[in-house]
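Participant: Residue 255 in my numbering sits at position 247 of the sequence shown; the count goes up by one each step and never skips. Glycine is no exception: its CB is placed at the ideal position from the N, C-alpha and C atoms. In this text, all values refer to a predicted model and were calculated from it rather than measured experimentally. Sending over a structure as C-alpha cells; questions will come in a sec.
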Amino acid sequence: MTEKQKIIGGFFSLELPKQTEYHRGAIHLNSARYCLEYVLRARNYKKIYLPAYICDSVLQPIKRLNIDYVFYSIDEHFAPVFDQVPENDACFFYVNYFGLNTGNVRELCHKMQHLIIDNTQAFFDLPLEHVDTLYSARKFFGVPDGGYLFSNTEKRIDLDRDPSYYRFDALLKQIDLGSVPAEPLFEQNEAYLDTCGMQAMSRTTQRVLRSIDYEHVRATRNANFRYLHKQFGAYNQLNANFSNVNGPMCYPFLIDRGEQLKDYLLKHQIYTDDFWEKVTSRVPTSSFEYHLAKNLIPLPIDQRYNEKDMDAIVRIVRSFLG
C-alpha cells in the first residue's frame with residue numbers, strides 16, 4: 009500500500025504543545041460511561057453489583073444492554089458493605105471516590121473477581137494489573153469527550169471515531185464570552201453524550217490531551233487540596249485518607265448544612281457539582297449515602313486556580329460557618 013502523501017502548506021492549525029498522554033496503552037473511547045459499556049459487552053456480563061452512591065449516568069449502558077443490577081451500600085470509610093460472592097457471569101463495580109480510596113481499591117483487587125474500578129474521580133491513579141479500570145478526561149480537563157479504558161479482555165470491539173471539532177464551541181465560547189453564555193452549549197454537549205453511543209475518542213480531543221503538562225496539573229491540584237484541608241479539616245466529617253493525595257478531582261467537604269452552604273457559595277459565584285441528588289431516592293434517609301448526597305460539597309481545587317483563589321473560598325466558607 010502506498011503511504012498517504014503528507015499535505016505541505018495550506019492554512020495553520022492550532023498551535024498546541026507536543027507532550028505525551030498520561031494514560032498510554034489504554035483503549036480510547038468517547039466517555040467513561042462508554043468505557044463501562046465496552047467492558048460489559050466484551051466480558052458478556054449478565055449482572056452487575058454497584059454502589060447506591062453513584063451517578064445515574066453509569067446506569068445508562070447497564071440499562072441499554074439489559075443487564076441486571078443490584079445496589080450495595082458503602083460504610084463511612086467508603087468500603088463496600090458486601091459479603092456475597094458474585095455469580096460467575098456477574099461483575100463488581102467500585103468507585104474510587106474523590107481519588108481518596110486507593111486502599112479500598114487494592115483490598116478489593118485481592119478478594120474480588122470480575123472487578124471493574126471506576127477511576128473517573130482519580131485520573132492520576134494508575135490501573136492495577138489485570139483489573140478493568142476506566143477514566144474520564146472530561147472531569148479533569150477542558151475537552152468535550154474522552155474516556156480511557158484499561159482491560160486485558162481478548163475481545164476487541166471495532167468502533168467508529170467520534171469527530172468532536174464542532175463540540176469545542178462551548179469551550180471556545182467560554183474563553184471569548186465567559187462561562188454563563190457558554191453554559192447552554194455545554195449542556196447541549198452533555199445531552200449529546202447521553203445518546204451518541206459508544207465510539208472511539210476523537211482525534212481533536214486526543215490531540216488536546218497530548219498537549220497538557222500533567223505534572224503541573226497534578227502538583228496544582230495537590231497544593232490546592234492540601235491548602236483547603238489545612239483550613240477545613242477540623243470541620244470535615246469525612247473519614248478518608250487525606251494525607252496521600254494524587255491530583256484529586258476536588259476537595260470533598262462534608263458538613264451537616266451542606267445544602268445551605270452550596271446555595272451560599274452559588275450566591276458568591278462559586279459553583280459546585282451535585283454528588284448525586286438522585287441517590288436519595290434509593291437509600292434510607294438515615295444512611296451515610298443519603299448524608300453524602302444531601303450535604304457533600306465538592307470544592308473546586310483544579311489547575312485553573314491558585315492559593316489566592318483558595319483564600320477566596322476559605323473566606324466565604326468561614327463566613328458561612330460563623
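#1: Suppose contacts are defined by Cβ-Cβ distances below 8 angstroms. Is GLN207 in contact with ARG175 by that definition?
#2: Between the beta-carbon of PHE86 and the beta-carbon of TYR57, is there less than 8 angstroms?
#3: Leaving out five residues before and five after GLU285 in sequence, what residues of the same chain have Cβ atoms less than 7 angstroms from its Cβ?
#4: Could you give the residue range of the alpha helix (DSSP H) that holds SER187?
#5: Terminal residues of the continuous beta strand (DSSP E) containing PRO69?
#6: Assign HIS122 to buried or exposed, taking buried as 16 or more other Cβ atoms, counted over all protein chains shown, within 10 Å of its Cβ.
#7: Pick from LEU269, GLY330 and ARG290: whose alpha carbon is nearest that of LEU304?
#8: Could you give the uninterrupted runs of the beta strand (DSSP E) lying entirely in the segment 16-100, keeping only those of 3 residues or more?
#9: DSSP on PHE250, reduced to helix/strand/coil?
#10: Identify the continuous alpha helix (DSSP H) that holds PHE261 and give its terminal residues.
#11: Is the beta carbon of LEU217 closer than 8 angstroms to that of PHE149?
#12: If LEU24 sits next to ASN249, beta carbons under 8 angstroms apart, how far is it from one beta carbon to the other, in whole angstroms?
#13: Let me know if HIS224 comes out buried or exposed under the rule of 16 or more other beta-carbons within 10 Å of its beta-carbon.
#14: Rounded to the nearest angstrom, what separates TYR200 and LYS238 at their Cα positions?
#15: Would you mind giving the Cβ-Cβ distance between PHE233 and TYR259, rounded to the nearest angstrom? I have them listed as a contact below 8 angstroms.
#16: Which class does ASP317 belong to by DSSP, given the choice of helix, strand or coil?
#17: Please give me, in chain order, every unbroken run of the alpha helix (DSSP H) with length at least 4 that falls completely inside the segment 254-308.
#18: Taking only runs of the alpha helix (DSSP H) that begin and end inside the segment 97-135, which ones reach a length of at least 4 residues, in chain order?
#19: With burial defined as no fewer than 16 other Cβ atoms inside 10 Å of the residue's Cβ, what is the status of PHE1: buried or exposed?
#20: Do you know how far the Cα of THR288 is from the Cα of SER294?
#21: To which residues of the same chain is ILE278 closer than 7 angstroms at the C-beta, ignoring the five residues directly before and after it?
#22: Between the Cα of LEU142 and those of THR212, TYR46 and SER172, spot the shortest distance and give me the residue it belongs to.
#23: Could you please give the first and the last residue of the uninterrupted beta strand (DSSP E) stretch that includes TYR143?
#24: For ALA208, which residues does DSSP report across the bridge?
#25: Alpha carbon to alpha carbon, how far is ALA34 from MET9? Give it in angstroms, no decimals.
#26: Can you give me the C-alpha to C-alpha distance between ARG32 and ILE125, rounded to a whole angstrom?
#27: Just the Cα atoms here: how many angstroms apart are LEU329 and ILE75?
#28: Since GLN129 contacts MET257 with CB under 8 angstroms, what's their CB separation in whole angstroms?
#29: Return the first residue and the last residue of the alpha helix (DSSP H) that PHE240 is part of.
#30: As a quick exercise: from TYR30, ASP64 and CYS117, pick the residue whose alpha carbon is nearest that of ARG290.
#31: Which of helix, strand or coil does DSSP assign to TYR243?
#32: Determine the closest residue to LEU5 out of LYS181, ILE263, ASP317 and ASN38, with distance taken between C-alpha atoms.
#33: Using only CA atoms, which one of ASN244, LYS54, ALA40 and ASP264 lies nearest to PHE131?
#34: Give the single residue among ARG164, CYS99, ILE165 and VAL93 whose Cα lies nearest to the Cα of TYR53.
#35: Measuring only the C-alpha atoms, how far is THR203 from GLN311?
Facilitator: Based on what the coordinates show:
#1: With a cutoff of 8 angstroms on beta-carbon distance, GLN207 and ARG175 are scored as not near each other.
#2: In this structure, TYR57 does not lie closer than 8 angstroms to PHE86 by Cβ.
#3: If we look at GLU285 and ignore the five residues flanking it on each side, its Cβ neighbours are ALA301.
#4: In the DSSP assignment, SER187 falls within the alpha helix (DSSP H) that extends over 187-203.
#5: For PRO69, there is no enclosing beta strand (DSSP E); the residue is part of the alpha helix (DSSP H) that begins and ends at 67-72.
#6: Under a 10 Å Cβ-count criterion, HIS122 is classified as buried, with 16 or more other Cβ atoms of the shown protein chains found around its own Cβ.
#7: Of the candidates LEU269, GLY330 and ARG290, LEU269 places its Cα closest to the Cα of LEU304.
#8: For the segment 16-100, whole beta strand (DSSP E) runs of length 3 or above, ordered along the chain, are 35-37, 55-59 and 76-82.
#9: Coil, per DSSP.
#10: No alpha helix (DSSP H) holds PHE261; the beta strand (DSSP E) holding it covers 259-262.
#11: Yes, the pair counts as a contact, with Cβ atoms nearer than the cut-off.
#12: Not confirmed; about 36 angstroms, so no contact.
#13: With fewer than 16 other Cβ atoms from the protein chains shown falling within 10 Å of its own Cβ, HIS224 counts as exposed.
#14: One C-alpha to the other measures close to 40 angstroms.
#15: Rounded, the Cβ-Cβ distance is 5 angstroms, consistent with contact.
#16: Here ASP317 sits in helix by DSSP.
#17: Segments of the alpha helix (DSSP H) lying fully in the segment 254-308: 266-275 and 296-303.
#18: DSSP runs (the alpha helix (DSSP H)) wholly in the segment 97-135: 110-119.
#19: Lying outside 9 to 330, the shown extent of the chain, residue 1 is not represented and no answer is given.
#20: Approximately 10 angstroms, taken between the alpha carbons.
#21: The residues are ILE321 and ILE324.
#22: The candidate whose alpha carbon is nearest that of LEU142 is TYR46.
#23: According to the DSSP assignment, TYR143 belongs to the beta strand (DSSP E) that extends over 140-144.
#24: Residue pairing for ALA208: DSSP places it in a beta bridge opposite LEU37 and ARG169.
#25: Unreliable positioning characterises MET9 in this predicted model, as indicated by a pLDDT of 47, which lies under 50. A coordinate reading is not provided.
#26: A straight line joining the alpha-carbon of ARG32 with that of ILE125 spans about 18 angstroms.
#27: Cα atoms of LEU329 and ILE75: separation of roughly 45 angstroms, rounded to the nearest angstrom.
#28: 5 angstroms between Cβ atoms; contact.
#29: For PHE240, the uninterrupted alpha helix (DSSP H) segment begins and ends at 222-240.
#30: Between ARG290 and the set TYR30, ASP64 and CYS117, the nearest pair of CA atoms involves ASP64.
#31: TYR243 falls in the coil class under three-state DSSP.
#32: Look at the range of the chain in this structure, 9 to 330, and you will see that residue 5 is not part of it.
#33: When only C-alpha atoms are compared, the closest one is ALA40.
#34: That would be CYS99, whose Cα lies nearest to the Cα of TYR53.
#35: Cα-Cα distance, rounded: 30 angstroms.
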